[in-house]
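Below you'll find the structure, written out as structure tokens, and then a few comments.
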Amino acid sequence: MYEPPWYDQDLEQAASNAAQRFDLDDDRARGLVEMVVDALEEGGDAVGDAAWDVENEHPGVPGEDFVEDVAADLGYEDLL
Numbered sequence: 006m007y008e009p010p011w012y013d014q015d016l017e018q019a020a021s022n023a024a025q026r027f028d029l030d031d032d033r034a035r036g037l038v039e040m041v042v043d044a045l046e047e048g049g050d051a052v053g054d055a056a057w058d059v060e061n062e063h064p065g066v067p068g069e070d071f072v073e074d075v076a077a078d079l080g081y082e083d084l085l
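Letter by letter, the sequence shown follows residues 6 to 85 of the working numbering.
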């Protein structure tokens, strides 16, 4: 997959936003953001699975909200 030069910066910003919103450390947030982005690019059931995975790994984090926030931060909201 082609990643434009700004892509990594956008992921960092989305991870920073997620870390603040959901009280996660930056590395953990970045990993979850990358997982969600992969799911958004795959589409279909992968998106719901990613929401479940977020909740499973971090029970205090609402998975659907996390996925929706990441999608909005990165311009994927039309895929939901």
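All residues carry an ideal CB built from backbone N, CA and C; glycine is no exception. Values in this document were obtained by computation on a predicted structure and should not be read as measured data.
For residue i, is the classification buried or exposed, using 16 other Cβ atoms within 10 angstroms of its Cβ as the cut-off for buried?
i          : result
residue 55 : buried
residue 68 : buried
residue 1  : Because the chain is modelled from 6 through 85, residue 1 falls outside the range shown and cannot be assessed.
For residue i, I'd like the list of residues in its chain whose CB is within less than 7 angstroms of its CB, leaving aside the five on either flank, ordered along the chain.
i          : result
residue 30 : 24
Pick helix, strand or coil for residue i, following the three-state DSSP scheme.
i          : result
residue 30 : coil
residue 12 : helix
Take residue i and list the residues in its own chain whose beta-carbon comes closer than 8 angstroms to its own, dropping the five residues that flank it on each side.
i          : result
residue 18 : 78
residue 40 : 55, 58, 59
Is the beta carbon of residue i less than 8 angstroms from the beta carbon of residue j?
i          : j          : result
residue 20 : residue 34 : yes
residue 81 : residue 37 : no
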